[in-house]
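**Q**
Protein chains: 4
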Amino acid sequence: MGRRKKSIDRLGQILKVAAALFIKTGYLNTSVRDIAAKCHMNVATLYHYVGSKYKILNLFHEYSVSLLESFVEENKLALDEMSSEEALAYAIRRYLEWVDEYQDVTVFWYQEARNLTSVQFEALAMQEESTAQLFQSLLDRGIKDGKFRLADTRIAAHNIVVLCDMWAFRRWLLRRHYTLQEYTKYQTGLILSQVSGRAH
Amino acid sequence: MGRRKKSIDRLGQILKVAAALFIKTGYLNTSVRDIAAKCHMNVATLYHYVGSKYKILNLFHEYSVSLLESFVEENKLALDEMSSEEALAYAIRRYLEWVDEYQDVTVFWYQEARNLTSVQFEALAMQEESTAQLFQSLLDRGIKDGKFRLADTRIAAHNIVVLCDMWAFRRWLLRRHYTLQEYTKYQTGLILSQVSGRAH
Amino acid sequence: MGRRKKSIDRLGQILKVAAALFIKTGYLNTSVRDIAAKCHMNVATLYHYVGSKYKILNLFHEYSVSLLESFVEENKLALDEMSSEEALAYAIRRYLEWVDEYQDVTVFWYQEARNLTSVQFEALAMQEESTAQLFQSLLDRGIKDGKFRLADTRIAAHNIVVLCDMWAFRRWLLRRHYTLQEYTKYQTGLILSQVSGRAH
Amino acid sequence: MGRRKKSIDRLGQILKVAAALFIKTGYLNTSVRDIAAKCHMNVATLYHYVGSKYKILNLFHEYSVSLLESFVEENKLALDEMSSEEALAYAIRRYLEWVDEYQDVTVFWYQEARNLTSVQFEALAMQEESTAQLFQSLLDRGIKDGKFRLADTRIAAHNIVVLCDMWAFRRWLLRRHYTLQEYTKYQTGLILSQVSGRAH
DNA sequence: AATGAATGAGAATTCATTCAT
DNA sequence: GATGAATGAATTCTCATTCAT
Numbered sequence: 169m170g171r172r173k174k175s176i177d178r179l180g181q182i183l184k185v186a187a188a189l190f191i192k193t194g195y196l197n198t199s200v201r202d203i204a205a206k207c208h209m210n211v212a213t214l215y216h217y218v219g220s221k222y223k224i225l226n227l228f229h230e231y232s233v234s235l236l237e238s239f240v241e242e243n244k245l246a247l248d249e250m251s252s253e254e255a256l257a258y259a260i261r262r263y264l265e266w267v268d269e270y271q272d273v274t275v276f277w278y279q280e281a282r283n284l285t286s287v288q289f290e291a292l293a294m295q296e297e298s299t300a301q302l303f304q305s306l307l308d309r310g311i312k313d314g315k316f317r318l319a320d321t322r323i324a325a326h327n328i329v330v331l332c333d334m335w336a337f338r339r340w341l342l343r344r345h346y347t348l349q350e351y352t353k354y355q356t357g358l359i360l361s362q363v364s365g366r367a368h
Numbered sequence: 169m170g171r172r173k174k175s176i177d178r179l180g181q182i183l184k185v186a187a188a189l190f191i192k193t194g195y196l197n198t199s200v201r202d203i204a205a206k207c208h209m210n211v212a213t214l215y216h217y218v219g220s221k222y223k224i225l226n227l228f229h230e231y232s233v234s235l236l237e238s239f240v241e242e243n244k245l246a247l248d249e250m251s252s253e254e255a256l257a258y259a260i261r262r263y264l265e266w267v268d269e270y271q272d273v274t275v276f277w278y279q280e281a282r283n284l285t286s287v288q289f290e291a292l293a294m295q296e297e298s299t300a301q302l303f304q305s306l307l308d309r310g311i312k313d314g315k316f317r318l319a320d321t322r323i324a325a326h327n328i329v330v331l332c333d334m335w336a337f338r339r340w341l342l343r344r345h346y347t348l349q350e351y352t353k354y355q356t357g358l359i360l361s362q363v364s365g366r367a368h
Numbered sequence: 169m170g171r172r173k174k175s176i177d178r179l180g181q182i183l184k185v186a187a188a189l190f191i192k193t194g195y196l197n198t199s200v201r202d203i204a205a206k207c208h209m210n211v212a213t214l215y216h217y218v219g220s221k222y223k224i225l226n227l228f229h230e231y232s233v234s235l236l237e238s239f240v241e242e243n244k245l246a247l248d249e250m251s252s253e254e255a256l257a258y259a260i261r262r263y264l265e266w267v268d269e270y271q272d273v274t275v276f277w278y279q280e281a282r283n284l285t286s287v288q289f290e291a292l293a294m295q296e297e298s299t300a301q302l303f304q305s306l307l308d309r310g311i312k313d314g315k316f317r318l319a320d321t322r323i324a325a326h327n328i329v330v331l332c333d334m335w336a337f338r339r340w341l342l343r344r345h346y347t348l349q350e351y352t353k354y355q356t357g358l359i360l361s362q363v364s365g366r367a368h
Numbered sequence: 169m170g171r172r173k174k175s176i177d178r179l180g181q182i183l184k185v186a187a188a189l190f191i192k193t194g195y196l197n198t199s200v201r202d203i204a205a206k207c208h209m210n211v212a213t214l215y216h217y218v219g220s221k222y223k224i225l226n227l228f229h230e231y232s233v234s235l236l237e238s239f240v241e242e243n244k245l246a247l248d249e250m251s252s253e254e255a256l257a258y259a260i261r262r263y264l265e266w267v268d269e270y271q272d273v274t275v276f277w278y279q280e281a282r283n284l285t286s287v288q289f290e291a292l293a294m295q296e297e298s299t300a301q302l303f304q305s306l307l308d309r310g311i312k313d314g315k316f317r318l319a320d321t322r323i324a325a326h327n328i329v330v331l332c333d334m335w336a337f338r339r340w341l342l343r344r345h346y347t348l349q350e351y352t353k354y355q356t357g358l359i360l361s362q363v364s365g366r367a368h
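If you read the protein sequences in the order shown, they are chains A, B, C and D.
For what it's worth, the working numbering labels the leading residue of the first sequence as 169, then goes sequentially.
For what it's worth, the working numbering labels the leading residue of the second sequence as 169, then goes sequentially.
For what it's worth, the working numbering labels the leading residue of the third sequence as 169, then goes sequentially.
For what it's worth, the working numbering labels the leading residue of the fourth sequence as 169, then goes sequentially.
#1: Among D/206, D/337, D/332 and D/308, which one has its Cα closest to the Cα of residue 272 of chain D?
#2: With DSSP as the reference, label residue 354 of chain B as helix, strand or coil.
#3: Can residue 342 of chain C and residue 240 of chain C be called in contact, C-beta distance under 7 Å?
#4: Starting from the beta carbon of residue 340 of chain D, find every residue of chain C whose beta carbon is closer than 7 Å, and list them in chain order.
#5: Using a cut-off of 7 Å between C-beta atoms, extract the partners of residue 354 of chain A located in chain B.
#6: Within this structure, are the beta carbons of residue 330 of chain D and residue 334 of chain C separated by less than 7 Å?
#7: Rounded to whole angstroms, what's the CA-CA distance from residue 332 of chain A to residue 358 of chain A? Just pull it up for me.
#8: Along the segment 299-313 of chain B, where does the CB come closer than 8 Å to a CB of chain A? Name the residues.
#9: Which chain C residues sit within Cβ distance under 8 Å of residue 334 of chain D?
#10: Any Cβ of chain B within less than 7 Å of the Cβ of residue 282 of chain A?
#11: Using the C-alpha atoms, what's the distance from residue 185 of chain A back to residue 300 of chain B?
#12: Report the three-state DSSP secondary structure of residue 180 of chain A (helix, strand or coil).
#13: Would residue 394 of chain B be called buried (16 or more neighbouring beta carbons within 10 Å of its own) or exposed?
#14: Kindly give me the distance between the Cβ atoms of residue 183 of chain D and residue 227 of chain D, rounded to whole angstroms, as I take these residues to be in contact under 8 Å.
#15: Run through chain A and tell me which residues come within less than 8 Å of residue 196 of chain B, C-beta to C-beta.
#16: Does any CB atom of chain D fall closer than 7 Å to the CB of residue 251 of chain C?
#17: Looking at the unbroken alpha helix (DSSP H) that takes in residue 293 of chain B, where does it start and where does it end?
#18: So, at 8 Å on beta carbons, what are the nonlocal neighbours of residue 246 of chain B in its own chain, with the 5 sequence-adjacent residues on each side left out?
#19: Report yes if the CB atom of residue 310 of chain D is closer than 7 Å to the CB atom of residue 252 of chain D, and no otherwise.
#20: Can you give me the C-alpha to C-alpha distance between residue 203 of chain A and residue 194 of chain A, rounded to a whole angstrom?
#21: Let me see if you follow: with CB-CB separation under 7 Å, is residue 267 of chain B close to chain A or not?
#22: Could you work out which residues of chain D lie near residue 345 of chain C, taking near to mean beta carbons separated by less than 8 Å?
#23: Leaving out five residues on either side along the sequence, give the residues of the same chain with a beta carbon under 8 Å from the beta carbon of residue 327 of chain B.
#24: Please report how far the alpha carbon of residue 248 of chain C lies from the alpha carbon of residue 242 of chain C, in whole angstroms.
#25: Quick check: what's the CA-CA separation for residue 196 of chain A versus residue 198 of chain B?
#26: If you compare alpha carbons, which of A/225, A/234, A/177 and A/206 is closest to residue 295 of chain A?
#27: By how many angstroms is the C-alpha of residue 178 of chain A removed from the C-alpha of residue 219 of chain A?
#28: Going by DSSP in three states, residue 283 of chain A sits in which element: helix, strand or coil?
#29: What three-state label does DSSP hand residue 207 of chain B in the structure shown?
#30: Whole angstroms are fine: how far does the CA of residue 284 of chain C sit from the CA of residue 201 of chain C?
#31: Quick one: list the residues of chain B neighbouring residue 279 of chain A, beta-carbon separation under 9 Å, in chain order.
#32: What are the boundary residues of the alpha helix (DSSP H) that residue 262 of chain C is part of?
#33: Restricting to Cα atoms, I'd like to know which of B/266, B/339, B/261 and B/207 is closest to residue 323 of chain A.
#34: Take the Cβ of residue 351 of chain B as the centre, count every other Cβ of all protein chains shown within 10 Å, and call the residue buried at 16 or more, exposed below.
#35: Indicate whether at least one CB of chain B lies closer than 7 Å to the CB of residue 234 of chain A.
#36: Can you tell which of C/275, C/344 and C/229 has its C-alpha closest to the C-alpha of residue 291 of chain C?
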C-alpha cells in the first residue's frame, strides 16, 4: 500500500508541477527537464511514471475534462427546484465561480488545444458542449414556461458559456474594472435581457 | 527605388509566408529554416531582413493590429448617419465579416498572445479595446437616444466583440450548424435584446 | 532441490528468451528491459540471476559452443567404421543438417562475434577449429588411404566448414533455388572433387 | 568552386571517419558525437551535411557497392583473351587481392547487413550476385570449352566468392598460417579441382 | 545582397544498472 | 527471491543565430 501510495503521489506531483509550468510558460516552452527538476526527480525517474511528454499533457487534459464534468454533475440536480429565471441566474453564478477558480486551466485550453490530437480535441470539445447543454436545457425549460423567448437556444447557450469564459481570457482587462461579484451581476443582467427579449 | 522596392517585397514575402506557417503550425513549431525554405531564401538572407524570429512575430503582430485599426477607421464615419439600432446592427455585421475573413488571424492571437512581450501584448489589447470602444460609443449614443438601456456599456461592448470573435474560435462547432448569415442574424437579434433590455 | 531447480529454470528461461531476442534484433538493439519483460520478470530479478547484460551474451555463447561441441562428439566415433569417402560425405551431410537446424545461431555469431571479449572470441574460434579438425582428420585419413590428394588439409577442412555455414549466411539466396537435400548433394560432389582432384 | 570543393571534402571526411569507426566498433556502438569529434566538427555541422546517422551508413553502403561494382567492371574485359582455366585463376587472384585490400569493408557487411533496410540489403545482395556471376560466366565458358565439368555453376560460383571472402572473415585464423600468396595458390588449386572434377 | 558553413545550447528519450524494502 | 523506484550518462537530433566570403 505504501508503495502504491507513493506511486500515485509521484504521478500526482508530476501532474501538478507540469500543469503549473504548462500554464505559466506554455506546453512547448516547458521542457521535461524543467518538470523533473521542479519535482526534485531524475528525468529517467519521471519517464518511469509517464511515458512521454505528451502523455503528461494528456493527463492534464483528462484532469481538466473531469473538472468540467464534475461541475456539470454537481449542478444538474440543484437546478430542478428553482424557477427558470432563478435557475439560469444560479447556473451563471456557479459557472463564473468555477471559471474564476480554474481560470488558468480555462485559458490554457483556449490556447493549447492546438497541441492535442484530434481525438483528444474532440473530447475537450464534447465536454464544453455538455456544459453548454446544461445551459441550453435551462433555456428550453424557460421557453416552455413562457419565461424566455428565443429563436435558437444553442447559440444562446454557447453565448453564455463564452461570456463566462471571457472572465478568464479577458482578465487582463476585466480585473482592472470589476470584481467577480460585479461582473456576475452585470452579465447575469445582460444575459437575462438577451433571453427574455423582444428580439428582431 | 528598385532596391527599396525589392527589399520591401522580400520583407512582405517573409511576413506572408511566416504568417501562414505560424497560423498553420504555431509560432514555436515553426522554425526559421522552414520560413526561409518556403521563401526560397537562405536563412542568412532572411536574417538580413528581419533580425530575429521574434521580430517576425512582431511584424505579424503589427500587421494584425493594423488590420483591426483599419477596420475601426473604415467604419467609424459610416455609422454617424444611421439610427442607433441600425448602426449597431451594421457594425456587428461588418465586424463579423471581418472576423470571418481573418478568422485565422483572430484565432492565432487568442492562442499565441502568450508569446508576446508585455509591451506588445499591451498594443494588441489596446487595439482590441479600441474595437470595443467603437461598439461602446454606439451603445452610449443609443442610451442618449433613449433606444438602449444598459447599466454598463463597457462590458456590453466587450460582449459584442467576444461574441463575434467566437465565430472564429468556436468555428469547429458553429460551422457545423450555421452559415455566417444565419449566425449574424441570430447574434444581432440576441445582442439587440441585450442592450435594449430592462436591466436588473 | 526445488529451489535449485527453479533457479536453473529461471536462468534457462532468461537464456532462451534472450537468445531469441538477440537473434531477432541483435545484441545491442535488445534491451535488458525487453528480456525481463518477455520473461514476465522484474529487471532487478533478472539481475539477481545474471549479473550483467554481457553475461547473458556469455551464456548464449557458451551454449552455442556446447552445441558445436556435442556435434563433434556425436559424430567422431560413428565415422571410424566407414570408408574415407563415405565418412566425409556423411560428415558433410550431418554438419549441414546441424547448420540448418541452428542457422540462426550460426549467422548470429558470424555477425556478433565482434561483441565478445577476445577471450571469448578465442573460445568460439577454437570450437570452430575443432569442427574443422573433425573434417581435417577425415581428410588426413583419406590421404593415407590414397583416396584423397591434397596439398594442405587445413585449408581444405576450413573450406568445408565455411561452405556448409554458407547455407546459413547466404540463405537469402540459396533458399530461393535449392532445398537442403539438393544443396547437400551438390556441395558434397564439389567437395569430393576438390579433395580427390588432380590439381595444378 | 572553392565552396563546392570544401563541401565535398567535408562529406568525404565524414564518410571516411565514420567508415573507420563503424569498422572498428560497429555501427551501433559508434555515436554521432564520436564521428563529429573525430572530424573536429560540431555535431550540428555534421548534420548540415548528412541528415541522419543512418544516412551515413547509407553512404558507406553505396561506396562499398561501388567498390565491388568497379571490381567487376575492371575485370570483365581482361578475361576474354585468356583460356578458361587461366581466366578463372586470374579472376580468383584478382578478387582475393581485392578482398585483401578491402577486408574491413568485406567483414563489415557480413556483420552489419542486419542494420540495412531491406531495399538496401537487396542492393548489396545484388552486387554480390553480380560478382558471383562474373565467376559463373567463366565457369559456363569452361564447360562449353570442355575444360570444366559441373552440375551447377551457380553454387560453384558462389563457392568461389565465399572462399575468397573467407580470407577476410577468417583472417584471425588464416593469417597465422598463410600469406596471401600461399592462400591464393592453395585455393586456386582446390577450386580448379572442384570445377574440373568428375562430378557425382 | 546573398549564401554555405558553422556552432553552442538544448530538446526528448533510453539505457544498464543499483538499492531499499 | 522478488520488486518498484531511482539514477547518471548517453543517445540522436534540432534550433536560432552568426560569420566569412
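Don't be surprised by glycine CBs; every beta carbon is placed ideally from N, CA and C.
**A** Checking against the coordinates, here is how it stands:
#1: D/337
#2: helix
#3: no
#4: 293
#5: 319, 320 and 323
#6: yes
#7: 12 Å
#8: none
#9: 326, 327 and 330
#10: yes
#11: 37 Å
#12: helix
#13: The structure shown has nothing for residue 394 of chain B, since chain B only spans 169 to 368.
#14: 5 Å
#15: 194, 196 and 197
#16: no
#17: 286-313
#18: 258
#19: yes
#20: 12 Å
#21: no
#22: 322
#23: 359 and 362
#24: 12 Å
#25: 12 Å
#26: A/234
#27: 14 Å
#28: helix
#29: coil
#30: 21 Å
#31: 278, 279, 280, 281 and 282
#32: 252-269
#33: B/339
#34: buried
#35: no
#36: C/229
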